[in-house]
Amino acid sequence: MPERINAVKTTFFGKGAIRLIGPELKKTGISRALLITDRFLYQSGLAQKVADVLSDAGIEYAVYYDVKPNPSVVIVNECISAARAIGAGVLIALGGGSAIDTAKAVSIVMENGGRVEQYEGVDKSSRAGLPLVAINTTAGTGSECTTFYIVTDPVRHSKMAMVDTNCMVSIAVNDTDFMSSMPPKLTAATGMDALTHAIEAVFSKGATPVTDKDAVWAIRIIMENLPVAVRNGADEKARTMMAYAENVAGMAFSNAGLGMVHAMAHALGGHYNLPHGVCNAVLLPYVLNFDMMKSEFAPRFEVLADAMGLSYNAGSAAQAVVSAIVDMNAEIGISPKLSDLEGVNPDDFQALTALAMHDTCMTTNLVPLTASDVTEVYTAAYYGNQ
Ligand SMILES: [Fe+2]
Numbered sequence: 338m339p340e341r342i343n344a345v346k347t348t349f350f351g352k353g354a355i356r357l358i359g360p361e362l363k364k365t366g367i368s369r370a371l372l373i374t375d376r377f378l379y380q381s382g383l384a385q386k387v388a389d390v391l392s393d394a395g396i397e398y399a400v401y402y403d404v405k406p407n408p409s410v411v412i413v414n415e416c417i418s419a420a421r422a423i424g425a426g427v428l429i430a431l432g433g434g435s436a437i438d439t440a441k442a443v444s445i446v447m448e449n450g451g452r453v454e455q456y457e458g459v460d461k462s463s464r465a466g467l468p469l470v471a472i473n474t475t476a477g478t479g480s481e482c483t484t485f486y487i488v489t490d491p492v493r494h495s496k497m498a499m500v501d502t503n504c505m506v507s508i509a510v511n512d513t514d515f516m517s518s519m520p521p522k523l524t525a526a527t528g529m530d531a532l533t534h535a536i537e538a539v540f541s542k543g544a545t546p547v548t549d550k551d552a553v554w555a556i557r558i559i560m561e562n563l564p565v566a567v568r569n570g571a572d573e574k575a576r577t578m579m580a581y582a583e584n585v586a587g588m589a590f591s592n593a594g595l596g597m598v599h600a601m602a603h604a605l606g607g608h609y610n611l612p613h614g615v616c617n618a619v620l621l622p623y624v625l626n627f628d629m630m631k632s633e634f635a636p637r638f639e640v641l642a643d644a645m646g647l648s649y650n651a652g653s654a655a656q657a658v659v660s661a662i663v664d665m666n667a668e669i670g671i672s673p674k675l676s677d678l679e680g681v682n683p684d685d686f687q688a689l690t691a692l693a694m695h696d697t698c699m700t701t702n703l704v705p706l707t708a709s710d711v712t713e714v715y716t717a718a719y720y721g722n723q
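FYI, the numbering for the sequence shown is 338 to 723, going by our numbering.
Here is the structure:
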């Protein structure tokens with residue numbers, strides 16, 4: 338079957354990479370921009386570094402600095418108003434997945450009209466979005482290189498997953514100077530998001546040799562470097578390798594798709610406003626436990642175990658992988674069960690299951706699932722039943 342691979346046209350990597358966007362923007366002739374970020378990054382001085390680059394390139398800009406974690410439709414709409422007010426010809430997202438996903442949503446609505454809610458699903462827009470530069474400040478979501486973005490519906494308390502080739506950014510920047518101040522908790526959560534992307538890409542119905550190559554490399558690099566980056570955020574090598582690995586994991590899942598972990602994490606994170614990476618990290622070993630009962634996953638578990646450098650006997654690859662994930666979570670300070678996360682209540686699991694079953698990510702899960710399968714995994718993850 339023919340295979341389509343989407344990739345960002347230009348990605349700048351490495352310390353000081355931010356300086357490279359000025360000349361690129363000058364070439365476009367665009368004169369006005371909206372910088373989209375959050376209050377912390379606005380006050381930290383990183384936004385000023387970006388503003389200086391824009392000024393040097395002769396670009397007039399306005400700043401929207403109220404992006405929140407799990408950004409909602411309300412924030413997207415405020416950004417659209419700000420972008421229209423300045424007549425932005427380019428959006429500059431500064432942040433992790435929240436800022437970049439917000440900017441992707443704004444980009445699509447600016448060029449396609451209507452409301453962001455109507456783009457939930459796969460390839461719902463008809464025109465390429467407004468040009469977008471994504472300056473990544475975490476090593477996790479891969480949003481700077483994917484066809485995915487997530488927006489929270491504040492009425493339903495649920496996340497809408499959009500998969501759209503028209504939302505891809507024009508220029509991505511993974512400058513480690515913008516990642517080195519990440520605190521250990523954020524490094525751990527976003528790093529586990531990246532690991533989950535790579536693992537779900539291997540397990541996806543849409544996996545191909547190209548996406549496997551990316552995912553396997555990313556898994557090896559994350560397993561080696563994430564504990565170091567959490568322990569010592571100043572370790573430049575670990576930060577650099579995580580910046581590459583999260584991007585490569587992003588390319589893997591952007592082209593292969595995701596699965597049950599992300600579908601369940603979206604429902605959980607949207608309902609309780611919990612960090613996306615933590616939701617994935619806690620759910621991941623329980624989903625893998627469930628998957629190991631299905632024969633379809635057996636050869637894929639061997640791919641994972643080899644990528645992680647684990648030794649295993651015939652038939653024990655799956656158990657080795659689950660143990661490695663449990664150990665990783667413990668080493669980097671992630672809770673082992675959902676009951677440790679604020680607000681999570683088993684009484685909500687049926688409602689969360691209904692949301693997860695309708696999540697776009699569920700469409701590429703390797704095996705079909707029933708609602709009772711999903712509720713069973715939420716329950717196991719709540720009580721810590723491995
Ligand atoms: Fe994710």
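Each residue gets a CB set at the ideal place from its N, CA and C atoms; glycine is no exception. Here the structure is a predicted model, which is why all the values come from computation and not from measurement.
For Asn617, the distance from the CB to the nearest heavy atom of ligand 1 is below 7 Å. Distances taken from the Cβ of Thr483 to the heavy atoms of ligand 1 include none shorter than 7 Å. Per the DSSP secondary-structure output, Arg369 pairs in a beta bridge with Glu397.
If you ignore the 5 residues before and after Asn473, its C-beta comes within less than 6 Å of the C-beta of Glu481, Asn511, all in its own chain and listed in chain order. A direct Cα-Cα distance of roughly 31 Å separates Lys405 from Ile342. Relative to ligand 1, the beta carbon of Thr533 is positioned inside 7 Å of a heavy atom. Only exposed fits Ser648, as fewer than 16 other CB atoms lie within 10 angstroms of its CB. According to the DSSP secondary-structure assignment, Ser495 is paired through a beta bridge with Asp490.
The region 684-697 and the region 580-592 do not touch, with fewer than three beta-carbon pairs separated by less than 8 Å. Here Thr374 is not near Tyr398, since their CB atoms are 8 Å or more apart.
Secondary structure within the region 552-592: not one fully enclosed beta strand (DSSP E) run of 3 or more consecutive residues is present. In this chain, the beta strand (DSSP E) harbouring Ile508 covers 508-511. In this structure, the C-beta of Asp393 stays at least 7 Å away from each heavy atom of ligand 1. Inclusion of Glu448 and Gly466 in the CB contact set at 8 Å is warranted, their separation being smaller than that value. In this structure, ligand 1 has a non-hydrogen atom nearer than 7 Å to the beta-carbon of Thr478. Counting every other CB atom within 10 Å of its CB across the protein chains shown gives Glu340 a total below 16, marking it as exposed. About 27 Å separates the Cβ atoms of Gly594 and Pro673, ruling out a contact at the 8 Å cut-off. Annotation for Asp551: Val585, Met588, Ala589 place their beta carbon closer than 6 Å to its own, counting only its chain and skipping 5 residues before and after.
Cβ-Cβ separation between Leu563 and Ile669: approximately 6 Å, consistent with a contact (criterion under 8 Å).
Between Ala644 and Pro360, the alpha-carbon positions lie close to 39 Å from each other. Between the region 555-574 and the region 488-505, the count of C-beta pairs closer than 8 Å stays below three; the two stretches do not touch.
DSSP places Ile671 in the coil class of the three-state scheme, outside both helix and strand. Pairing Ser676 with Gly479, the inter-Cα distance amounts to about 28 Å. Excluding the 5 residues flanking it on each side, Leu692 has same chain C-beta neighbours closer than 6 Å at Ser495, Ala604, in chain order.
For Ile472, the enclosing beta strand (DSSP E) has its first and last residue at 469-473. Sorting Val681, Met338, Asp696, Leu431 by C-alpha distance to the C-alpha of Gln385 places Leu431 at the top. Fewer than three pairs of CB atoms, one per stretch, sit closer than 8 Å, so the region 620-634 makes no contact with the region 508-528.
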